[in-house]
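Sequence order for the protein chains is A and B. Using our numbering, the first residue of the first sequence is number 80, and each one after it goes up by one. Using our numbering, the first residue of the second sequence is number 162, and each one after it goes up by one. We treat Cβ as the ideally placed atom computed from N, Cα and C, and that holds for glycine. Computed from a prediction, not measured in an experiment: that's the story for all the values here. What follows is a set of notes on a single structure, which appears directly below.
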Amino acid sequence: MLASVAIIAAGCSATNLENFPNTERVIERADYLDRKPIPSLTDYQEAAQVRVKELLSQPLTVSAAMEIAMLNTPKLQQHYQAYQIWDEDLVEELSVAGRKETDPTTTSMDWTAAKIALMKSVNTVYRYNFPREYFEVAEEFIDVGEEVRKTYFEAIAAHQLQAMLETTVTATQAAAELANAQYQAGTASLRSQAMQQMTHAETVKALAEAKLEAISTREALNRLLVLWGDDANWTAPERLPDLPAARPSYANLEEYALERRFDALSERKSWALWHTSVDVRSEVRENYATLLTRYDLAKYQQETVLPLSEAVLGETQKEYNGMLMGIYDLIDDTQGQIEAGREYVEALRDFWIAQAELSQAVGGKLPE
Amino acid sequence: MNRREFFTASGIGLAATAGLISKAVAQPAEPEFFNDPNTRQPLASDGRSYTPVVTLNGGSLPWRMNDGVKEFHLVAEPVQREFAPGMLVNCWGYNGSSPGPTIEAVEGDRIRIFVTNKLPEHTTVHWHGLFLPSGMDGVGGLSQPHIPKGKTFVYEYTLRQSGTFMYHPHSDEMVQMAMGMMGMFIVHPRDGSHRVDRDFCFLLSSWDIDPGTFTPNTAEMTDFNMWTFNSRVFPGIDPLVVRKGDRVRIRIGNLSMTNHPIHLHGYSFKVAGTDGGWVPASAQWPEVTTDVPVGAMRAIEFVADVEGDWAFHCHKSHHTMGPMGHEVPNMIGVDQKKATPKVAKLLPDYMYMPMGENGMAEMQDMAAMGMTLPENTLPMMTGEGPFGPIEMGGMFTVLKVRKDIAPGDYADPGWYEHPEGTVAYELKS
Numbered sequence: 080m081l082a083s084v085a086i087i088a089a090g091c092s093a094t095n096l097e098n099f100p101n102t103e104r105v106i107e108r109a110d111y112l113d114r115k116p117i118p119s120l121t122d123y124q125e126a127a128q129v130r131v132k133e134l135l136s137q138p139l140t141v142s143a144a145m146e147i148a149m150l151n152t153p154k155l156q157q158h159y160q161a162y163q164i165w166d167e168d169l170v171e172e173l174s175v176a177g178r179k180e181t182d183p184t185t186t187s188m189d190w191t192a193a194k195i196a197l198m199k200s201v202n203t204v205y206r207y208n209f210p211r212e213y214f215e216v217a218e219e220f221i222d223v224g225e226e227v228r229k230t231y232f233e234a235i236a237a238h239q240l241q242a243m244l245e246t247t248v249t250a251t252q253a254a255a256e257l258a259n260a261q262y263q264a265g266t267a268s269l270r271s272q273a274m275q276q277m278t279h280a281e282t283v284k285a286l287a288e289a290k291l292e293a294i295s296t297r298e299a300l301n302r303l304l305v306l307w308g309d310d311a312n313w314t315a316p317e318r319l320p321d322l323p324a325a326r327p328s329y330a331n332l333e334e335y336a337l338e339r340r341f342d343a344l345s346e347r348k349s350w351a352l353w354h355t356s357v358d359v360r361s362e363v364r365e366n367y368a369t370l371l372t373r374y375d376l377a378k379y380q381q382e383t384v385l386p387l388s389e390a391v392l393g394e395t396q397k398e399y400n401g402m403l404m405g406i407y408d409l410i411d412d413t414q415g416q417i418e419a420g421r422e423y424v425e426a427l428r429d430f431w432i433a434q435a436e437l438s439q440a441v442g443g444k445l446p447e
Numbered sequence: 162m163n164r165r166e167f168f169t170a171s172g173i174g175l176a177a178t179a180g181l182i183s184k185a186v187a188q189p190a191e192p193e194f195f196n197d198p199n200t201r202q203p204l205a206s207d208g209r210s211y212t213p214v215v216t217l218n219g220g221s222l223p224w225r226m227n228d229g230v231k232e233f234h235l236v237a238e239p240v241q242r243e244f245a246p247g248m249l250v251n252c253w254g255y256n257g258s259s260p261g262p263t264i265e266a267v268e269g270d271r272i273r274i275f276v277t278n279k280l281p282e283h284t285t286v287h288w289h290g291l292f293l294p295s296g297m298d299g300v301g302g303l304s305q306p307h308i309p310k311g312k313t314f315v316y317e318y319t320l321r322q323s324g325t326f327m328y329h330p331h332s333d334e335m336v337q338m339a340m341g342m343m344g345m346f347i348v349h350p351r352d353g354s355h356r357v358d359r360d361f362c363f364l365l366s367s368w369d370i371d372p373g374t375f376t377p378n379t380a381e382m383t384d385f386n387m388w389t390f391n392s393r394v395f396p397g398i399d400p401l402v403v404r405k406g407d408r409v410r411i412r413i414g415n416l417s418m419t420n421h422p423i424h425l426h427g428y429s430f431k432v433a434g435t436d437g438g439w440v441p442a443s444a445q446w447p448e449v450t451t452d453v454p455v456g457a458m459r460a461i462e463f464v465a466d467v468e469g470d471w472a473f474h475c476h477k478s479h480h481t482m483g484p485m486g487h488e489v490p491n492m493i494g495v496d497q498k499k500a501t502p503k504v505a506k507l508l509p510d511y512m513y514m515p516m517g518e519n520g521m522a523e524m525q526d527m528a529a530m531g532m533t534l535p536e537n538t539l540p541m542m543t544g545e546g547p548f549g550p551i552e553m554g555g556m557f558t559v560l561k562v563r564k565d566i567a568p569g570d571y572a573d574p575g576w577y578e579h580p581e582g583t584v585a586y587e588l589k590s
């Protein structure tokens, strides 16, 4: 309170305009700032740029996205600098690890990067000393990894959902055109024509939202991967990775997490060990249950609901053949089928996100 | 030939052997079953002067004589009825069939009807239009206890009039009738009057059987989609085959939920009998359509003196159609060109065709092309005639008049061969 009073008092005495910089001086200063020379690229940056462009030349997989994040994230680069491992060797080691990741659905690049960085730093800075900060740094890798995984699957899903909604718009447009033709032929009222147009308008608006969602999630990923210019024009797979055929099953996941989680490890030296363990165990149980539920829901949607929507549409086609149902019923049920497909994509996205969250909860890498 | 077919073939055999059955037998005879939908030959008369009736897509129930009493055995039970090839309906009926077999007797007969209830609920039988003791009238709760499931009740009375009557439940009546429980009851005059050469009978009923389903929805009051002659629809209804010059009677009973203007092509006829009895000649007038109200019977008569294939049908055009969607959008004259490619794109595996723009006649072409319908569902319009699709369904059949038909022969003679120059023709320019 006293401080703010002082500022106000000072302000009163500073109202003399001559004390402010004039326009020319502002330009001068800005000009100086603009001309501040850009430092030349380091070996690390050059190697990283080459590797990033290489990764972006293919449709972006989750492990490629993760490797880019490990290379480009400023916070992680600061650690590389601090550990004095900010060089092309690190880029090479990460790319060797990245090339081993052949499963397009999962990645442990964050875990791998943390391990490489910390192991290399052992020889440079800390010399076999494992202070608490060390684990906190590793935790940052895992947190970046979780964000990248989640955002990646959100972006792919949003793109896929938008494409499917475009089909819905085709459906409502066909219905709206039929309503127009019906009105012209004198078999539908202005009201029913307008009602069909309204239905079409709703899907047009929904499509605009879906397109924006696709852009927003893509840009969120661009920010996480620090991509701009041409690099931001990466292509992605048209579809999310398929649901694994087998239901995930992990034994002794709580113990596994306690062994690996950096926060838990760091607490081994503290009095708070017991409390952290309880939290870790609970988080792991919750995330595992979430993963299984997301898997079951996606599987149910895929194996039960989608065939049901196809059965409904198939029977509607037969009723349309018999002039028992009309063209609008047929179009409605194609929309029903698309909607069931969209719900599957959402369920699949939520499964992959749950997997990312569980990975993070157990310290960055799920058991084999 | 099994026992059942034997009885079918010779009603007279039963009558002839009736004397061998001891009058001490208090149990009903083995019931006769009518599981197939073919029109049976009429039973032989009981020796008196009358023409036994032909029940369209059914037959008359054989009887046995027991100490001067004609005994019949009706079994009320769930049955399956083929409405036409391609559609089987889970009905309730009598003796394997909906409608039940026609009961046929002579004015003055003492009759005893055993009714065995094999339904999942109680029932009764009401003898619609007959003069009888109040306690034989069959109204559950009012004139008798309901017949519990698994039990047999006996109705016994003397037939005091002749004419066209019906039987149906008066016990959970709405459900049981909507499920198809009904039958004809014909009483011939004892004095040989009103005799004709060919005497046909059938019942009208209405059904709500949603496309793709097998069991009637009994809760429906007005929105029916199947309209039947004796629980059959065209082209499942047999033709009425008569010999040129025959005096013909067609008896129609209406147990549907609405009236039916029944129309005969090529002839005028007179209503010779109603639910109240025979109409005096002085009160009859010629007409080509007679309205049969709900719960009523009409017996129309004419002399079949002109050969040909003559349509015979309910004149409510919706009643001569198979199942159709009443909520489908009206596409008459609607240009669907713009939307069609979009719909086709939405349904890549489906042979999408816009429908209704130029009427609905294309429907039958599509059915002929093999477009799949929901299971157990008949096309809205169907039937192939000698000149192309007949485009009918429901309450429609054909009166076939030929000069070279033998008395007592009811077999379908095929399509009429028109004399040259008597068929409408295309004007050649």
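Beta-carbon spacing of residue i, residue j below 9 Å
| i | j | result |
| --- | --- | --- |
| Ile-195 of chain A | Leu-169 of chain A | yes |
| Asp-189 of chain A | Val-223 of chain A | yes |
| Val-348 of chain B | Glu-268 of chain B | yes |
| Pro-239 of chain B | Gly-254 of chain B | yes |
| Gly-483 of chain B | Gly-437 of chain B | no |
| Glu-167 of chain A | Glu-125 of chain A | yes |
| Ser-429 of chain B | Val-455 of chain B | no |
| Asn-218 of chain B | Phe-473 of chain B | no |
| Thr-186 of chain A | Ile-410 of chain A | no |
| Tyr-318 of chain B | Met-343 of chain B | no |
| Asn-537 of chain B | Phe-363 of chain B | no |
| Ile-272 of chain B | Val-286 of chain B | no |
Whole-angstrom C-beta distance between residue j and residue i, which should lie under 8 Å
| i | j | result |
| --- | --- | --- |
| Pro-400 of chain B | Thr-558 of chain B | 6 Å |
| Val-215 of chain B | Phe-395 of chain B | Val-215 of chain B to Phe-395 of chain B, Cβ: 18 Å. No contact. |
| Ala-253 of chain A | Lys-503 of chain B | 4 Å |
| Glu-232 of chain B | Arg-242 of chain B | With 8 Å as the limit, Glu-232 of chain B and Arg-242 of chain B do not qualify as a contact, their Cβ atoms being about 26 Å apart. |
| Leu-304 of chain A | Glu-226 of chain A | Wrong, their Cβ atoms sit about 10 Å apart, outside the cutoff. |
| Pro-568 of chain B | Arg-404 of chain B | 7 Å |
| Ile-493 of chain B | Gly-517 of chain B | 7 Å |
| Ile-413 of chain B | Leu-365 of chain B | 6 Å |
| His-329 of chain B | His-289 of chain B | 6 Å |
| Pro-490 of chain B | Thr-501 of chain B | Pro-490 of chain B to Thr-501 of chain B, Cβ: 15 Å. No contact. |
| Gly-373 of chain B | Glu-394 of chain A | 7 Å |
Burial state of residue i (16 or more Cβ within 10 Å)
| i | result |
| --- | --- |
| Gln-396 of chain A | buried |
| Met-404 of chain A | buried |
| Glu-288 of chain A | exposed |
| Ser-183 of chain B | Low local confidence applies: a pLDDT of 41 at Ser-183 of chain B is under 50, so the model's placement there is unreliable, and no value is given. |
| Glu-212 of chain A | exposed |
| Ala-185 of chain B | Confidence is the limiting factor: at Ala-185 of chain B the pLDDT is only 46, short of 50, which leaves the residue's position unreliable and the question unanswerable from this model. |
| Gln-241 of chain A | buried |
| Ile-106 of chain A | exposed |
| Trp-307 of chain A | exposed |
Nearest neighbour of residue i, chosen from the options [CA to CA]
| i | options | result |
| --- | --- | --- |
| Trp-439 of chain B | B:Gln-188, B:Leu-508, B:Phe-326, B:Gly-341 | B:Phe-326 |
| Arg-408 of chain B | B:Met-340, B:Gly-483, B:Val-464, B:His-426 | B:Val-464 |
| Asp-358 of chain A | A:Ala-377, A:Thr-372, A:Ala-336 | A:Ala-336 |
| Ala-379 of chain A | A:Phe-214, A:Gln-128, A:Ala-426 | Sequence inspection shows Tyr at residue 379 of chain A; the Ala mentioned does not correspond to that position. When each option's Cα is compared against that of Tyr-379 of chain A, the closest is A:Ala-426. |
| His-487 of chain B | B:Asn-519, B:Asp-384, B:Met-343 | B:Asp-384 |
| Asn-331 of chain A | A:Asp-310, A:Thr-383, A:Gly-393, A:Arg-360 | A:Arg-360 |
| Val-410 of chain B | B:Asn-227, B:Val-300, B:Thr-212, B:Gly-301 | Residue 410 of chain B is actually Arg in this sequence, not Val. Of B:Asn-227, B:Val-300, B:Thr-212, B:Gly-301, the residue nearest in Cα terms is B:Thr-212. |
| Gly-177 of chain A | A:Ala-148, A:Tyr-262, A:Phe-232 | A:Ala-148 |
| Pro-198 of chain B | B:Ser-221, B:Gly-302, B:Pro-294 | B:Ser-221 |
| Ser-328 of chain A | A:Asn-312, A:Thr-372, A:Glu-338, A:Glu-362 | A:Thr-372 |
(message) For the pair the region 289–305 of chain A and the region 269–281 of chain A, tell me if three or more CB-CB distances fall below 8 Å.
(response) no
(message) Quick test of the definition: if touching needs 3 or more C-beta pairs under 8 Å, does the region 365–375 of chain A touch the region 429–447 of chain A?
(response) yes
(message) Could you check whether the region 242–257 of chain A touches the region 403–418 of chain A, counting it as contact only if at least three pairs of C-beta atoms, one from each stretch, sit closer than 8 Å?
(response) yes
(message) I want to know whether the region 297–312 of chain B touches the region 274–283 of chain B - three or more CB-CB distances under 8 Å.
(response) yes
(message) Below 8 Å, how does it come out for the region 368–387 of chain B and the region 331–339 of chain B: are there three or more Cβ pairs, yes or no?
(response) yes
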